[in-house]
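Residue numbers (the numbering used here): 8 to 226.
Worksheet: the structure to be examined is printed underneath.
Have a look at this one:
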């Protein structure tokens, strides 16, 4: 199998909560930063450790991600905890299970008869509780996505031939820490081209999606 990158073209419009980390005498130190300069995120995972490793590192750098709530599907054969533990010095992370979402009575009524229905009800309950918790903590921006999707600033923002061209914003390279939040802080959300006022609290985002592709016999 080989990974193929597929760009989904839109302008990035997301962000949320933080601490910047740096090394001092071999020890990790977390320096408080305003919530408006960082991201939080809610993600559902199921045996995604191979994706989660790179996803965390990438979004820690680009968003910057500093608060994370993870929900593990009960059908998972592996736990994301070993991967998440690597980041406990750099961001606050909670790992949830069905027990964190449903009462004992509700759990008794959850059978495997309709897995799609069960999954969707779990996803809905997780999203509602996760967003509520992060709102109460003071997070300004929260990303809702999957671990095979990576945020980036859409290069169309700096292409003068494009409808979303941001002529008043200098290009921000992906290598710059917190590039996404820097872009967000400069974008005028009242710009009618972005249609942000229609979406109110939630905004569609640009992402690079990683997926698998079967190798040919020659490869």
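A virtual CB, placed ideally from N, CA and C, is assigned to each residue, including glycine.
Alpha carbons only, please: which of the options is nearest the one belonging to residue i?
i: residue 52; options: 84, 66 and 189; result: 84
i: residue 131; options: 151, 188 and 57; result: 151
i: residue 175; options: 159, 194, 169 and 183; result: 194
i: residue 98; options: 108, 110, 66 and 128; result: 66
i: residue 104; options: 49, 93 and 81; result: 81
i: residue 44; options: 189, 208 and 224; result: 189
i: residue 199; options: 170, 74 and 58; result: 170
i: residue 56; options: 128, 78, 127 and 196; result: 78
So, helix, strand or coil for residue i, using DSSP?
i: residue 49; result: strand
i: residue 75; result: strand
i: residue 94; result: coil
i: residue 153; result: coil
i: residue 193; result: helix
i: residue 187; result: helix
i: residue 224; result: coil
i: residue 163; result: helix
i: residue 198; result: coil
i: residue 217; result: strand
i: residue 80; result: coil
i: residue 88; result: helix
i: residue 36; result: Low local confidence applies: a pLDDT of 44 at residue 36 is under 50, so the model's placement there is unreliable, with the coordinate-based value given in what follows. The answer is strand: DSSP assigns residue 36 an E or B state.
i: residue 209; result: coil
Contact defined as beta carbons within less than 8 angstroms: I believe residue i pairs with residue j. What is the distance between those atoms, to the nearest angstrom?
i: residue 172; j: residue 164; result: 7 angstroms
i: residue 154; j: residue 62; result: 5 angstroms
i: residue 47; j: residue 141; result: 5 angstroms
i: residue 187; j: residue 69; result: 5 angstroms
i: residue 89; j: residue 102; result: Going by Cβ atoms, the distance from residue 89 to residue 102 rounds to 11 angstroms, so no, they are not a contact pair.
i: residue 149; j: residue 49; result: 6 angstroms
i: residue 71; j: residue 185; result: 5 angstroms
Name the two residues that bound the continuous beta strand (DSSP E) containing residue i.
i: residue 172; result: From DSSP, residue 172 is part of no beta strand (DSSP E); its letter is neither H nor E.
i: residue 179; result: Residue 179 -> no beta strand (DSSP E), and no H or E assigned at all.
i: residue 105; result: Looking at the DSSP string, residue 105 is not in any beta strand (DSSP E), and its letter there is neither H nor E.
Determine the extent of the alpha helix (DSSP H) in which residue i is found, giving its start and end residues.
i: residue 59; result: 56 to 69
Taking only beta-carbon atoms, is residue i less than 7 angstroms away from chain B?
i: residue 128; result: Structure shown: chain B not included; a single protein chain is present.
Quick one: complete alpha helix (DSSP H) runs, 4+ long, within the segment 112 to 150? 122 to 144
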